[in-house]
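There are 2 protein chains.
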Amino acid sequence: MVNKRIFLNAFDMNTPGHQSPGLWTHPDDESHRYKDSSYWIELAKLLERGRFDAVFIADVLGTYDVYNGSRDAAVRQGAQAPVDDPLLIVPLMSAVTNHLGFGVTSSVTHEHPYLFARRMTTLDHLTNGRVGWNIVTSYLKSAAVNMGRAGQIKHDERYDIAEEYVDVCYKLWEESWESDAVKLDKENGIYTDPNKVHDIHHEGKYYKVPGAHLSEPSKQRTPVLYQAGASPKGRAFASKHAELVFIGSPTKNAAKETVRRLREDIAKTDRSQDEVKILTMLTPIVGKTEADALEKLEDYKKHISHEGASALFGGWTGIDLSGYEEDQVIEYIENDAIRSALESFTSIDPDKKWTVGEIKDFVGIGGMSGYIAGSPEQIADQLEEWVDETGVDGFNIAYAITPGTFKDFVELVVPILQERGLVKHDYHGTSLRDNLFEQGDHLPEHHPGKQTGKELVK
Amino acid sequence: MVNKRIFLNAFDMNTPGHQSPGLWTHPDDESHRYKDSSYWIELAKLLERGRFDAVFIADVLGTYDVYNGSRDAAVRQGAQAPVDDPLLIVPLMSAVTNHLGFGVTSSVTHEHPYLFARRMTTLDHLTNGRVGWNIVTSYLKSAAVNMGRAGQIKHDERYDIAEEYVDVCYKLWEESWESDAVKLDKENGIYTDPNKVHDIHHEGKYYKVPGAHLSEPSKQRTPVLYQAGASPKGRAFASKHAELVFIGSPTKNAAKETVRRLREDIAKTDRSQDEVKILTMLTPIVGKTEADALEKLEDYKKHISHEGASALFGGWTGIDLSGYEEDQVIEYIENDAIRSALESFTSIDPDKKWTVGEIKDFVGIGGMSGYIAGSPEQIADQLEEWVDETGVDGFNIAYAITPGTFKDFVELVVPILQERGLVKHDYHGTSLRDNLFEQGDHLPEHHPGKQTGKELVK
Numbered sequence: 001m002v003n004k005r006i007f008l009n010a011f012d013m014n015t016p017g018h019q020s021p022g023l024w025t026h027p028d029d030e031s032h033r034y035k036d037s038s039y040w041i042e043l044a045k046l047l048e049r050g051r052f053d054a055v056f057i058a059d060v061l062g063t064y065d066v067y068n069g070s071r072d073a074a075v076r077q078g079a080q081a082p083v084d085d086p087l088l089i090v091p092l093m094s095a096v097t098n099h100l101g102f103g104v105t106s107s108v109t110h111e112h113p114y115l116f117a118r119r120m121t122t123l124d125h126l127t128n129g130r131v132g133w134n135i136v137t138s139y140l141k142s143a144a145v146n147m148g149r150a151g152q153i154k155h156d157e158r159y160d161i162a163e164e165y166v167d168v169c170y171k172l173w174e175e176s177w178e179s180d181a182v183k184l185d186k187e188n189g190i191y192t193d194p195n196k197v198h199d200i201h202h203e204g205k206y207y208k209v210p211g212a213h214l215s216e217p218s219k220q221r222t223p224v225l226y227q228a229g230a231s232p233k234g235r236a237f238a239s240k241h242a243e244l245v246f247i248g249s250p251t252k253n254a255a256k257e258t259v260r261r262l263r264e265d266i267a268k269t270d271r272s273q274d275e276v277k278i279l280t281m282l283t284p285i286v287g288k289t290e291a292d293a294l295e296k297l298e299d300y301k302k303h304i305s306h307e308g309a310s311a312l313f314g315g316w317t318g319i320d321l322s323g324y325e326e327d328q329v330i331e332y333i334e335n336d337a338i339r340s341a342l343e344s345f346t347s348i349d350p351d352k353k354w355t356v357g358e359i360k361d362f363v364g365i366g367g368m369s370g371y372i373a374g375s376p377e378q379i380a381d382q383l384e385e386w387v388d389e390t391g392v393d394g395f396n397i398a399y400a401i402t403p404g405t406f407k408d409f410v411e412l413v414v415p416i417l418q419e420r421g422l423v424k425h426d427y428h429g430t431s432l433r434d435n436l437f438e439q440g441d442h443l444p445e446h447h448p449g450k451q452t453g454k455e456l457v458k
Numbered sequence: 001m002v003n004k005r006i007f008l009n010a011f012d013m014n015t016p017g018h019q020s021p022g023l024w025t026h027p028d029d030e031s032h033r034y035k036d037s038s039y040w041i042e043l044a045k046l047l048e049r050g051r052f053d054a055v056f057i058a059d060v061l062g063t064y065d066v067y068n069g070s071r072d073a074a075v076r077q078g079a080q081a082p083v084d085d086p087l088l089i090v091p092l093m094s095a096v097t098n099h100l101g102f103g104v105t106s107s108v109t110h111e112h113p114y115l116f117a118r119r120m121t122t123l124d125h126l127t128n129g130r131v132g133w134n135i136v137t138s139y140l141k142s143a144a145v146n147m148g149r150a151g152q153i154k155h156d157e158r159y160d161i162a163e164e165y166v167d168v169c170y171k172l173w174e175e176s177w178e179s180d181a182v183k184l185d186k187e188n189g190i191y192t193d194p195n196k197v198h199d200i201h202h203e204g205k206y207y208k209v210p211g212a213h214l215s216e217p218s219k220q221r222t223p224v225l226y227q228a229g230a231s232p233k234g235r236a237f238a239s240k241h242a243e244l245v246f247i248g249s250p251t252k253n254a255a256k257e258t259v260r261r262l263r264e265d266i267a268k269t270d271r272s273q274d275e276v277k278i279l280t281m282l283t284p285i286v287g288k289t290e291a292d293a294l295e296k297l298e299d300y301k302k303h304i305s306h307e308g309a310s311a312l313f314g315g316w317t318g319i320d321l322s323g324y325e326e327d328q329v330i331e332y333i334e335n336d337a338i339r340s341a342l343e344s345f346t347s348i349d350p351d352k353k354w355t356v357g358e359i360k361d362f363v364g365i366g367g368m369s370g371y372i373a374g375s376p377e378q379i380a381d382q383l384e385e386w387v388d389e390t391g392v393d394g395f396n397i398a399y400a401i402t403p404g405t406f407k408d409f410v411e412l413v414v415p416i417l418q419e420r421g422l423v424k425h426d427y428h429g430t431s432l433r434d435n436l437f438e439q440g441d442h443l444p445e446h447h448p449g450k451q452t453g454k455e456l457v458k
């Protein structure tokens, strides 16, 4: 039995088809409403009612074009295409909620940190301290090319850039403005004491930012830091900086191994294990009864698009499945890269021989992390099992259909989790970070964000 | 008598002290609430009630540091410092209104057009076609330096960059996605017809963008284009691209001359004069009676900050007033740059000899464009005179105190303008552009935005 609370994050994207390619064709799916303010406003209210900690908005700056060497499949199937900006929907959602947090994805390779730092401070102002940043290094070549580069920057160098990028941001957020710089002293005519605003003097390999932050400090100063890198460099970065780490695995065994490695990496740092929460992605298909859930699942399955699944799979793994027949068995495919990339599937059931078509079916609901289906009690039980057996702290809940999946979860599963003491009945914190860690609004003292250039603040 | 409607734009910025330095110290001023969602939500509702066409959010990416060679004056006086992001407040305001438009400032020298184009399309989606873009080339050296450049790009080259930047945006907005590309065909499983999404193949001097727009078309496709450049290069750019041009002059004579020059430049293009509206900045101080207004003005004047005025004046003109005594008369100052920069003031009253202190007083309310004070009828009369005598199409209304100035104007002056048939009783358009020009949501056919690479769209 789980004896700690389960963290709940909703996973969405400013696009029609996020993690369940083809399910936008389901009559109840409303993901095409992503362009309308009302979709996000309703979603935010629903999630706050369900006491979710945060909603997290993914992003890509390109279109998946590995499958068949073309973006056509992704475009035709609405598979994360078209895709709109993730930051601009946050103010909409924050205006109709009081506690829900908002994680947004922004890549360190595409926008200058001086500008980005101001955007995040602005969001933290407008949300009154409820913003998180998912630090990504961008994996799509098509994105890099459209930003004027000959190709993607090499993986390891992207993490070097990321290190310097967050360093610039930390300096702007944590050190440029002292907490009592803004006086708002109408009597003496002093808005801000200029002696308490400091240049950051950043001069690095990739960025030169001599000046001060344009914005006054926000409630959290540094937004809550999210990261999802799974490579050794990515894990090292996450262990050092991230406060929430997203993982995704089709099985508990695989998740357990990822958690073990991450926890090992964190142990090598000055940070305590409590300062990093690990959430795994999962798509819950909830029925009033088990039979109801299985019926729903069969109905959803009819809407899976193999073409859309192939497009997403190609973008995520770099593997083009277009050369293979649907009934080819993976085991017999003479391509080591594909077989090794698909090994995680075989861990679901070691005896099963997966065909290419079955892989696409799997990806069709909940992407590479799969789904669970059952009655509300069964779902609650399964979540507990995941926490017990893998060591994750909670879930990044993705949708099969939206807002249906979120609605079912909030209305049917959350009350059971609350009854079991696993989800809070009310929010208690004063900011997203305080809601998550109950240690105040700011980064903990020994976080690297607190260590850079301390001498600036007298 | 004016026989056309007067266009009304509200002028604000995501900062405490916009155009009236020091007036944040007035007990009724709430500009320090710029960080709170509620300020923008209330303002948007007020302006829509007053049938304003749009609210326009200015921006700078640096701090004014010419006066005394330091940013201290601007920081101390809250003179456009601190300053938050302008785009992120738009969704807040659009969610509580149905017709009000939103102009946002974004510089062509600091963000890549591929990313920026998506941000604007996202805003146009979320606002349902109510977004405008104020195209600026950034005049502050402190901004350039913090973006990693050795210094500011030369003025004329900035306009070359601007030309290519808008060209990239036009291609992404107007030509990449055909209007019927998105099918949302649930029955046949076609979200978008990939044959109707086109790469833009842009390869220029400053940008290479081979691919397609990430977003599907928004209602207006290209946002309404605003521009405010006053130099010959700036006017040429405005004549070619802008649909709304902002000017600012302390006197009707100066405004008349600016309008004449702009109209002359427009006449040299293929565009009709109707396609470009010219708004002049003005700060109205409205009382219930004339005496009431003058009393209000005297009260406001007590809150002017000469230090803040010097900071803004330095940023705008490049002239550092710190070496001069308050009672020095401009005429006798042996500095041609200063005397020529201040010539426009002497046009207010040719016989008056302005002292440095008086100049600061003038800048203290309504910046370089001045204010008018009077009873509601007097203000309405004066607006009509401005339109009659200068040829402007309307006003960019700035505040002395906020939201007080806007509230007075909406409650006291707008009803009179409506009675006179100069301000509409209701909105009729389907988008910001349609509200302004009554010719539909899109750019007119012979606008340069419609001319680039037409062959892409079959």
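Each protein sequence line maps, in turn, to chains A and B. So that you can map any letter, position 20 of the first sequence is 20 in UniProt numbering, and since no number is skipped, the others follow by simple counting. So that you can map any letter, position 204 of the second sequence is 204 in UniProt numbering, and since no number is skipped, the others follow by simple counting. Even glycine gets a Cβ: it sits at the ideal position worked out from N, Cα and C. Fair warning: this is a prediction, and the values are worked out from it, not measured in the lab.
Separation of residue j from residue i, as counted between CA atoms
i, j, result
"Asp292/A", "Ser375/A", "8 Å"
"Thr105/B", "Asp12/B", "11 Å"
"Thr283/A", "Leu87/A", "24 Å"
"Lys353/B", "Ser322/B", "20 Å"
"Arg261/A", "Lys154/A", "24 Å"
"Pro403/A", "Leu422/A", "23 Å"
"Ile6/B", "Val387/B", "8 Å"
"Arg235/A", "Thr258/B", "60 Å"
"Asp160/A", "Thr121/A", "24 Å"
"Asp434/B", "Gly440/B", "5 Å"
Opening and closing residue of the beta strand (DSSP E) in which residue i lies
i, result
"Trp232/B", "Residue 232/B is actually Pro in this sequence, not Trp. Pro232/B -> not in any beta strand (DSSP E); alpha helix (DSSP H) instead, spanning 232-241."
"residue 509/A", "In this structure chain A extends from 1 to 458, so residue 509/A is not present and cannot be described."
"Ser107/B", "101-107"
"Gly374/B", "371-374"
Within-8 Å CB hit, residue i to chain B
i, result
"Gly132/A", "no"
"Thr402/A", "no"
"Ala267/A", "no"
"Arg420/A", "no"
Below-8 Å beta-carbon distance, residue i vs any chain A residue
i, result
"Thr280/B", "no"
"His110/B", "yes"
"Trp24/B", "yes"
"Val457/B", "Low confidence applies here, because Val457/B scores a pLDDT of 45, under 50, leaving its location unreliable and the question unanswered by this model."
"His32/B", "yes"
"Asn98/B", "no"
"Asp84/B", "yes"
"Asn68/B", "no"
"Tyr170/B", "no"
"Gly103/B", "no"
Buried versus exposed call for residue i [16 or more other C-beta atoms within 10 Å across all chains shown]
i, result
"Ala267/B", "exposed"
"Val446/B", "Checking the displayed sequence, the identity of residue 446/B turns out to be His instead of Val. It counts as exposed."
"Ala143/A", "buried"
"Ser38/B", "exposed"
"Leu46/B", "buried"
Delimiting residues of the alpha helix (DSSP H) encompassing residue i
i, result
"Ile319/A", "Premise fails: Ile319/A is in no alpha helix (DSSP H) and is neither H nor E."
"Phe362/B", "356-364"
"Val259/B", "252-267"
"Asp12/A", "Unbroken run through Asp12/A is the beta strand (DSSP E), 7-13; no alpha helix (DSSP H)."
Residue i beta carbon near the ligand NAP (any heavy atom closer than 7 Å)
i, result
"Tyr67/A", "The ligand NAP is absent from the structure shown, which contains no ligand whatsoever."
Next on the checklist: Ignoring anything shorter than 4 residues, give me the alpha helix (DSSP H) runs that lie fully in the region 173-248 of chain A, in order along the chain.
Outcome noted: The qualifying runs are 232-241.
Next on the checklist: List, from N- to C-terminal side, the alpha helix (DSSP H) runs of 4 residues or more that fit wholly inside the region 376-429 of chain A.
Outcome noted: Runs found: 376-390, 404-408, 414-419.
Item to check | Every unbroken beta strand (DSSP E) inside the region 98-163 of chain A [3 residues or more] | outcome: Here the runs fully enclosed are 101-107, 131-136.
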